[in-house]
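Remarks on the structure that follows.
4 protein chains.
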Amino acid sequence: MITTKSRLYEIIFEADTKTGKIFDVSLLIVILLSILLVMLESVPSIEAEYHYLLKISEWVITGIFSLEYIMRIWIVKKPKAYIFSFYGIIDLLSVLPTYLALIVTGTHGFMVIRALRLLRVFRILKLNRYTKEGTIIIRALRNSRIKISVFLFAVVTLVIIIGTIMYLIEGGENGFTSIPRGIYWAVVTLTTVGYGDISPSTSLGQFFASIVMIMGYAIIAVPTGIVTAELSKNSSKPQSTQVCPNCMADEHSEDSIYCNKCGKKLN
Amino acid sequence: MITTKSRLYEIIFEADTKTGKIFDVSLLIVILLSILLVMLESVPSIEAEYHYLLKISEWVITGIFSLEYIMRIWIVKKPKAYIFSFYGIIDLLSVLPTYLALIVTGTHGFMVIRALRLLRVFRILKLNRYTKEGTIIIRALRNSRIKISVFLFAVVTLVIIIGTIMYLIEGGENGFTSIPRGIYWAVVTLTTVGYGDISPSTSLGQFFASIVMIMGYAIIAVPTGIVTAELSKNSSKPQSTQVCPNCMADEHSEDSIYCNKCGKKLN
Amino acid sequence: MITTKSRLYEIIFEADTKTGKIFDVSLLIVILLSILLVMLESVPSIEAEYHYLLKISEWVITGIFSLEYIMRIWIVKKPKAYIFSFYGIIDLLSVLPTYLALIVTGTHGFMVIRALRLLRVFRILKLNRYTKEGTIIIRALRNSRIKISVFLFAVVTLVIIIGTIMYLIEGGENGFTSIPRGIYWAVVTLTTVGYGDISPSTSLGQFFASIVMIMGYAIIAVPTGIVTAELSKNSSKPQSTQVCPNCMADEHSEDSIYCNKCGKKLN
Amino acid sequence: MITTKSRLYEIIFEADTKTGKIFDVSLLIVILLSILLVMLESVPSIEAEYHYLLKISEWVITGIFSLEYIMRIWIVKKPKAYIFSFYGIIDLLSVLPTYLALIVTGTHGFMVIRALRLLRVFRILKLNRYTKEGTIIIRALRNSRIKISVFLFAVVTLVIIIGTIMYLIEGGENGFTSIPRGIYWAVVTLTTVGYGDISPSTSLGQFFASIVMIMGYAIIAVPTGIVTAELSKNSSKPQSTQVCPNCMADEHSEDSIYCNKCGKKLN
Chain A
1 MITTKSRLYE IIFEADTKTG KIFDVSLLIV ILLSILLVML ESVPSIEAEY
51 HYLLKISEWV ITGIFSLEYI MRIWIVKKPK AYIFSFYGII DLLSVLPTYL
101 ALIVTGTHGF MVIRALRLLR VFRILKLNRY TKEGTIIIRA LRNSRIKISV
151 FLFAVVTLVI IIGTIMYLIE GGENGFTSIP RGIYWAVVTL TTVGYGDISP
201 STSLGQFFAS IVMIMGYAII AVPTGIVTAE LSKNSSKPQS TQVCPNCMAD
251 EHSEDSIYCN KCGKKLN
Chain B
1 MITTKSRLYE IIFEADTKTG KIFDVSLLIV ILLSILLVML ESVPSIEAEY
51 HYLLKISEWV ITGIFSLEYI MRIWIVKKPK AYIFSFYGII DLLSVLPTYL
101 ALIVTGTHGF MVIRALRLLR VFRILKLNRY TKEGTIIIRA LRNSRIKISV
151 FLFAVVTLVI IIGTIMYLIE GGENGFTSIP RGIYWAVVTL TTVGYGDISP
201 STSLGQFFAS IVMIMGYAII AVPTGIVTAE LSKNSSKPQS TQVCPNCMAD
251 EHSEDSIYCN KCGKKLN
Chain C
1 MITTKSRLYE IIFEADTKTG KIFDVSLLIV ILLSILLVML ESVPSIEAEY
51 HYLLKISEWV ITGIFSLEYI MRIWIVKKPK AYIFSFYGII DLLSVLPTYL
101 ALIVTGTHGF MVIRALRLLR VFRILKLNRY TKEGTIIIRA LRNSRIKISV
151 FLFAVVTLVI IIGTIMYLIE GGENGFTSIP RGIYWAVVTL TTVGYGDISP
201 STSLGQFFAS IVMIMGYAII AVPTGIVTAE LSKNSSKPQS TQVCPNCMAD
251 EHSEDSIYCN KCGKKLN
Chain D
1 MITTKSRLYE IIFEADTKTG KIFDVSLLIV ILLSILLVML ESVPSIEAEY
51 HYLLKISEWV ITGIFSLEYI MRIWIVKKPK AYIFSFYGII DLLSVLPTYL
101 ALIVTGTHGF MVIRALRLLR VFRILKLNRY TKEGTIIIRA LRNSRIKISV
151 FLFAVVTLVI IIGTIMYLIE GGENGFTSIP RGIYWAVVTL TTVGYGDISP
201 STSLGQFFAS IVMIMGYAII AVPTGIVTAE LSKNSSKPQS TQVCPNCMAD
251 EHSEDSIYCN KCGKKLN
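Protein chains in written order, with UniProt numbering: chain A, 1 to 267; chain B, 1 to 267; chain C, 1 to 267; chain D, 1 to 267.
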């Protein structure tokens, strides 16, 4: 027997039915609108002119999200598991700040509340269930996480050394007023961001900076190489999804006829 | 019987004959000249000095393009299909603005007209028919379009979070006057563009910015990895699917005539 | 018989036992603290307020490092080999500057001493023994070192030519006051750092700069390509060199026990 | 019989003997010194102080280069072939400007002469004969030259469109005074150089710029992908250097036993 509850479950938690898809898309639009709203509210000129319109929209959206949150808790089989799951917390954080704003006072308090509301953006990630491409990228990044950590570690060491040398060369002037600031400059330069808020003025400093930048060429190649090698591996060797009916071993290459663990025929 | 029409068809629409090639190259030169003309016209000092020369050149080029457009409609078998095709619309947009300029008045109106004329640049893409390399790149990009979309999606989410945090840290000062502006800064930083029109001034802001930049290292590696993996797959030397009828060896290179394992002729 | 010396050896030089791991981690924390300390000391406002606290902490840390250094010399079998090894020198350099500071006077002298203390950061590299990923990256970089050198060589040549041309175009003005400064600009531009402290002002200069930047696109691809190709080679799943004794099939994965073509056992 | 001429030939043109290597290295040092000299001469403060020293050094170096050039012509078997070869012209251009400086007058004339002397830097490229790595990189770039051209072509088209849109958005203000300047901005942004000499000030402009930058992410991946794919191909498939003794075909795969063109056995 199909109860209202199980029908609602299908609509809210699954995306196979037509109503389920409509629900998903309209929720996405509301999320995007709510993010836009928070952004606009932070622009002083817009806030001044459309104060009441923004306030009302905010409460309408909070209402929709609250209703959705309550419904999810009511429908789901294990409410506790949902509430403390990543998306459960995000869903709660989407509505809480607006209610909190009734209590909190002070300019900075309001700013923090506003920012918290932007955590709604994580709700977009729910869309991930439509794509298996996302999981490929994430798996590639996860597989290369140790290599990337080692690399970032080396970069941090390098940046400390470079920043210190530059601090000595420029002699605490031209913006290089302390070692941390020298390190900030080294990060800005080595990552090729190059704001130009701090830049060397002495000839020796510019010479050293040139060496750092050219060195940065070779360095930027490393993470790219790591991720590319990982993604190439994933995308080239299509592994069979077959599991050996005899010994349950998986990870057979796609052209295997016999199981490479126990020698029985795969079917 | 070869009519003038079919001869003209060969010249204008095909590039196999000598006259066809001459037509293509001279048209390319006219297109490049016309683009240069529009650009120069937008430079105030040049416009002031060579006003009449630029005006005359513009009408000469519009004349040539109009003639070409009319001829294409006259020659082609299915005029309607051509007119509403991508290149048909581009061809029309190449001449229309100049005629429109006779009617339109006002400074901003003129600027828009001038810009519209620059759409002629798309005509250059017709040259694509000479290259199969372009299609390889486009195919690689198309194959990885879902992965890239997922990635850009994640970047947008990240940029909103980073921009908001920075807005909170810098407290609405030093250029970080609103959340959208914080997001603009996050985009400028994460893509390693780094204008420096907005840059953090507080110590905490510079520390956070350093983390974002180093994180950007790992992030920029992802799209490169995606496209590279795709291009590697495409460009890996196409192996012949032939199997030697004598020794059953496979993996012959595509231009092999004899089996490289037993020396028998492949068929 | 296990002496105190051999037990200490296990703790200090090895990381297999529980005490050894605790020692490593606590040493890492001290190293990170000592680096943070040196950085903070270089910030004038912090130095002014917490002068005595920083001084005391510095001596405490120097004490710990001195003790560790002496213990290492005492414990190790070949003290000479340790003293003149890379890490031995780094360990000495971690403590020497603080003692030197008692003798050295003058502002610049103090700055150099402070910077020398930062060489402690290299001690972090000792952690490398935990990761085999680091060695993969280093091996890939070492394997491609000649290619990267050739590339950097070409970049230096290019940068000299571009810098000189720009110096001629801008005529020694707008910051391009000499050829070395033109070369500095070329490096900043070609590596896509782009500070903006020197940027072309003439139309011809901006046109030439545009060409250089677009050219930089193709150039930045080269080191990435080199490192990626090297890392892909290393990371491509190591295939077993085994050939099936029954059907002569090869290309088994390294952990195969049975042939995936005929099902016979591999030996 | 070994004449002086043939002995000199070995020293100057070959690098196998010990004297040949010494000659090469000392020539390299002189070349590097001569480049440094030209650079220093362009720095006003150094030129003012060391005017005579620089002048004398310049004539000494020109003397050495002149002697080398004359000797090369005298020794080589086909002087004409050498004189009109790439390196022959570079060798001549290394000495000519200094002699020309005796005739030429005027500040800008001197600047051009100085710049011409810097063409000596190309002499460094002679060192290439020591490395086969350089040829691998160059071959990879040459193989991908059509793909890169197509890509650069697309970038130029894109940059024209983006620059024009930005010119319209910012309305000819904030540095976007003409379409070419808008295009210059588009190049600076899309290549992630980001000087910041021109940057959008309107909200719409910053929004559009953000899109362009994020788009630039996907774009920068393309040339990297092209070159990497090419380098991976070159570095993975080791081709046999064998030439078929029967039909002279080459490009056999390394494990070939029989020629894949005529079927004869390779030895």
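Think of the CB as a built atom: it goes at the ideal place given N, C-alpha and C, for glycine as much as any other residue.
Integer Cβ distance of residue i from residue j, believed to fall under 8 Å
i	j	result
residue 225/C	residue 224/D	7 Å
residue 83/D	residue 39/B	Going by Cβ atoms, the distance from residue 83/D to residue 39/B rounds to 43 Å, so no, they are not a contact pair.
residue 163/A	residue 186/A	4 Å
residue 218/B	residue 232/A	So it is not a contact: roughly 17 Å between Cβ atoms.
residue 95/D	residue 66/D	5 Å
residue 104/C	residue 214/A	Actually they are not in contact, since the Cβ atoms of residue 104/C and residue 214/A sit about 34 Å apart, beyond 8 Å.
Check whether residue i and residue j have beta carbons under 9 Å apart
i	j	result
residue 71/B	residue 172/D	no
residue 196/A	residue 195/C	yes
residue 141/D	residue 116/D	no
residue 202/C	residue 169/C	yes
residue 114/A	residue 42/A	yes
residue 31/A	residue 89/A	no
residue 137/B	residue 147/D	yes
residue 144/A	residue 25/A	no
residue 45/B	residue 188/A	no
residue 37/B	residue 47/B	no
residue 157/A	residue 122/C	yes
residue 68/A	residue 118/A	no
Cβ neighbours of residue i in the same chain (closer than 8 Å, five flanking residues each side left out)
i	result
residue 17/C	10, 11
residue 73/A	79, 82, 83
residue 208/D	165, 166, 169, 200
residue 63/D	none
Contacting residues, own chain, Cβ-Cβ under 7 Å from residue i (five flanking each side not counted)
i	result
residue 5/B	75
residue 220/A	192
residue 160/D	183
residue 222/C	151
residue 34/D	61, 120
residue 7/A	none
Close Cβ partners of residue i (< 6 Å) along its chain, the five nearest in sequence each way excluded
i	result
residue 174/A	201
residue 198/C	175, 185
residue 132/D	none
residue 101/B	113
residue 91/C	69
Check: residue i C-beta below 8 Å from any heavy atom of the ligand HEM
i	result
residue 85/A	With respect to the ligand HEM, the structure shown offers nothing to examine, as it has no ligands at all.
In the region 152-232 of chain D, which residue ranges form an unbroken alpha helix (DSSP H) of at least 4 residues, counting only runs that do not cross its ends?
Entirely contained in the region 152-232 of chain D, the alpha helix (DSSP H) runs reaching 4 residues are, in chain order, 179-190.
Note down, one range per segment and in chain order, each alpha helix (DSSP H) of at least 4 residues found wholly within the region 22-54 of chain D.
The qualifying runs are 44-49.
Just list the alpha helix (DSSP H) runs in the region 63-107 of chain C, keeping only unbroken ones of 4 residues or longer that don't cross its boundaries, in chain order.
Here the runs fully enclosed are 79-83, 86-100.
Between the region 167-181 of chain A and chain E, which residues of the former have a C-beta closer than 9 Å to a C-beta of the latter?
Here chain E cannot be found, since the structure's protein chains are A, B, C and D.
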